[in-house]
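To start, the structure under review is shown below, and the notes come after it.
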Amino acid sequence: TDADGRQVLRAEREFERDLIGFLSGQSLHELAPGQTLTVVLRPGRFNPPLDYDLPPGDYRATVRYRGPSQEMIDEVRARLPERKEATAWPHEVVSNSASFTIRDTDQAPNEKPLVWGPERDGLRAAIEFRLPKYVVEDASQLPGIPLKTNVRVVFHVQNVSDREITFASETVRQGDRIHVTNAAGEDVDVKNVWYSGMPQMVRWRLKPQQTAQLPVLASGLESIDEPGLYQVQYTVRFNGMQQKNAEGEVTFPLPGDWQDELETGKVLLVLRPRTGDDDERAKPPTFTSAIEFVDTEGALLEDGWFSVTGGAFGERYEDGSLSSVPVELTGCTDQQVTVSVRVPGFEEAQFYHVELKPNRKSTFTLKRSQTTRFVVVAATDGRPIANARVRFFHRTSALASSGPFPTDGISGPVWTSSDEQGRVVLESLQAINPYYEKLGDSIYYFYVEPQRSDRERYGPAFVGPVRAGQELGPVKLWPLIDVSGEIHGTPEELDRFAAEWDQPVTLTTDNPQATWMYAVSDKLTTARGDGKLTFKLTGLRAGTLRIVSNFGPRPHSVSHTYARRDPGPSDVVTTFELTNARDDIVIENR
């Protein structure tokens with residue numbers, strides 16, 4: 020409500036709650052009699068369709084907790100009876116009323132009248148441009164706004180009929196057709212991006228004269244390269260997506276939902292040349308802040324590594340050791356950051372959505388860790404290998420359905436090195452990721468490589484799965500291996516032959532369905548002579564060698580998952596387990 024108790028009206032809307040969304044989008048807590056659970060609600064970070072788009076002012080709010088529906092409980096019991104979510108309290112409770120104030124917004128709604136498109140079966144649509152705070156000009160009036168301004172687009176969809184209308188939409192719109200023309204009436208190509216994850220669907224219910232505001236994921240208007248006058252129009256598509264349940268039944272949209280397309284009105288966009296002053300205005304104000312890390316008793320921790328990153332592209336503020344604490348951070352903005360830290364004897368930790376404050380210190384508490392140990396030895400004679408570097412490779416959870424891709428590959432950060440006796444001590448492993456407690460133990464993989472002086476004698480090795488507190492025993496490094504071989508086939512097959520090779524690593528957890536193969540595939544270089552092709556690969560590590568070949572007509576159909584070659588129906592896949600050099604490999608068409 021507003022400060023006087025009048026309800027702030029908005030169109031009714033609700034998430035489509037499927038089983039995966041229900042299980043992954045909530046947390047489960049057990050409360051003893053008299054115990055209180057404190058939950059921080061951050062409306063500014065709600066999914067956009069569910070928040071209130073409120074102008075600055077004073078307000079009062081109550082929060083309504085709703086337990087899982089009986090329908091969802093029944094589905095969990097039927098499909099995953101071991102999950103405790105099926106026993107959650109299924110009722111509803113309402114909080115007291117609390118006051119809050121909105122002082123400002125980053126991109127405030129435009130007060131200008133909207134340009135509506137034609138009505139279709141009770142609905143009409145319009146475009147609204149929302150601009151960053153530093154842009155004071157009108158996007159549709161001369162002299163215009165600076166070129167490359169981040170213009171957010173919001174669709175307004177209004178019910179102009181005398182009946183209630185429902186429709187389904189993603190939380191942020193994508194896949195709608197944008198049509199931009201220049202002053203000469205010529206089409207302008209606008210580049211765009213899309214979200215590749217699982218869509219989050221919302222059902223809107225509009226009463227007569229009510230309006231839904233649907234933010235666009237990325238307008239793409241900043242991709243326009245030339246100043247000038249442009250007309251912008253969208254086709255808003257409510258017929259381009261559907262979701263089905265496990266039985267193949269369509270759950271979104273439902274029969275009776277509005278399923279068609281709307282044309283928005285045409286809106287003028289005026290872009291002027293960008294100046295140095297524009298770039299300066301676009302820079303957020305900066306300030307100095309500080310961070311520190313303590314144990315559960317409040318003692319300051321002064322040894323370790325940390326990083327502070329922020330923004331959609333992970334730009335790094337600081338990355339270094341805790342040689343001086345508190346750590347002073349310069350060039351901070353009001354943008355939220357992620358703080359990562361690794362201190363010997365304590366679990367590594369990531370703190371998300373951190374808001375640094377000017378001239379104030381942020382304190383983070385770390386938990387004591389369990390030590391993990393292993394010994395790096397030569398596979399040939401058991402001799403300990405000193406100064407072998409242990410690189411972080413991958414981290415996931417024991418029951419995760421899939422893990423994050425190891426984005427740094429074998430070039431991940433060095434966490435430690437083996438001592439003169441080959442001993443490795445890992446003191447910062449996280450027992451359970453606090454953000455994914457229900458997925459069980461944290462699972463790690465590491466990449467061990469010998470120091471430079473040993474690299475001609477020994478190859479690297481992967482170590483994993485690893486849990487906090489494990490005693491892993493010896494990790495063997497084998498000598499580097501050279502292999503050579505031949506490709507046999509008809510002259511036509513040899514003319515068409517092409518192949519890639521790699522050394523795959525299988526990543527496993529407690530969930531057999533999450534087993535995943537990591538590999539970086541390279542082109543197999545061959546030489547021709549005496550009616551065959553020959554190849555040689557040097558400096559391989561012990562383990563699996565995989566060669567994916569194709570003898571068929573060109574062009575070959577080739578696909579990759581990240582950098583790993585995925586075999587196609589016409590490919591020939593050959594694998595070898597390497598422990599010693601080989602010169603007898605033969606590859607033939609099947």
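When you read off a place in the sequence shown, starting at 1, and then add 19, the result is the number in my numbering. Even glycine gets a Cβ: it sits at the ideal position worked out from N, Cα and C. Note that this is a predicted model, so its numbers are computed, not measured.
Asked	Found
What would DSSP say about serine 589, mapped onto helix, strand or coil?	coil
By the three-class DSSP mapping on this structure, what secondary structure does leucine 418 have?	coil
Buried or exposed for serine 496, going by 16 or more other Cβ atoms inside 10 Å?	A quick correction: the sequence has leucine, not serine, at residue 496. Leucine 496 comes out buried.
Return the bridge partner residues of serine 461 from the DSSP annotation.	Ser416
In terms of residues, what are the limits of the alpha helix (DSSP H) holding alanine 397?	Looking at the DSSP string, alanine 397 is not in any alpha helix (DSSP H); the run it does join, the beta strand (DSSP E), is 391-397.
Identify every run of the beta strand (DSSP E) within the segment 212-240, keeping only runs that are complete inside it and at least 3 residues long; order them along the chain.	220-225, 230-234
Can you check which of these residues, Thr580, Leu28, Phe570, Tyr253, is closest to aspartate 590 by C-alpha distance?	Phe570
Rounding to the nearest angstrom, what Cα-Cα distance links alanine 450 and aspartate 427 in this structure?	22 Å
List, from N- to C-terminal side, the alpha helix (DSSP H) runs of 4 residues or more that fit wholly inside the segment 294-352.	295-301
Beta carbon of arginine 85, beta carbon of arginine 224: below 8 Å?	no
If distances are taken between C-alpha atoms only, which option among Leu499, Pro453, Gly483 comes closest to glutamate 475?	Leu499
Output the distance between the C-alpha atoms of glutamine 177 and arginine 192, rounded to the nearest integer angstrom.	16 Å
What does a CB cutoff of less than 7 Å around glutamate 607 pick up in its chain, not counting 5 residues either side in sequence?	His507, Gly508
Between arginine 410 and leucine 166, what straight-line distance do the alpha-carbon atoms span, to the nearest angstrom?	44 Å
Alpha carbon to alpha carbon, how far is lysine 457 from serine 540? Give it in angstroms, no decimals.	35 Å
How far does the alpha helix (DSSP H) with glutamate 90 in it reach, from first residue to last?	89-98
Here's the rule: buried if 16 or more other CB atoms are within 10 angstroms of the residue's CB, otherwise exposed. What is valine 155?	exposed
Inspect the beta-carbon positions of alanine 158 and leucine 288 and report whether they are closer than 8 Å.	yes
Any chance the segment 266-283 sits against the segment 315-331, with 3 or more Cβ pairs inside 8 Å?	no
Under 7 Å: does the beta carbon of leucine 273 sit that close to some heavy atom of the ligand GTP?	The model depicted lacks the ligand GTP and carries no ligand whatsoever.
When the distance is taken between beta carbons, is leucine 341 closer than 8 Å to phenylalanine 312?	yes
Below 8 Å between beta carbons: does that hold for threonine 352 and glutamate 241?	no
DSSP puts histidine 175 in a beta bridge; with which residues?	Ala145, Gln232
Given this structure, state the Cα-to-Cα distance separating phenylalanine 34 from aspartate 314, to the nearest angstrom.	40 Å
Are the beta-carbon atoms belonging to glycine 562 and glutamine 522 less than 8 Å from one another?	yes
Within the same chain, show all residues whose beta-carbon is closer than 6 Å to that of aspartate 501, passing over the 5 residues directly before and after it, in chain order.	Thr557, Ala600
Answer with buried or exposed for glycine 63, where buried requires no fewer than 16 other C-beta atoms within 10 angstroms of its C-beta.	Here glycine 63 scores only 49 on pLDDT, less than 50, and its place in the model should not be relied on; the value that follows carries that caveat. Looking at its Cβ environment, which holds fewer than 16 other Cβ atoms inside 10 Å, glycine 63 is exposed.
What's the call for alanine 331, buried or exposed, on a 16-neighbour Cβ count within 10 Å?	At alanine 331 the pLDDT is 44, less than 50, meaning the model places this residue with poor confidence and gives no usable figure here.
Looking at the secondary structure, which residues open and close the beta strand (DSSP E) in which aspartate 514 lies?	Counting along the chain, aspartate 514 falls outside any beta strand (DSSP E), though it belongs to the alpha helix (DSSP H) covering 510-515.
Where does serine 503 fall in DSSP's three states?	strand
Report the CB separation of glutamate 111 from arginine 83 in whole angstroms; it is logged as a contact under 8 Å.	7 Å
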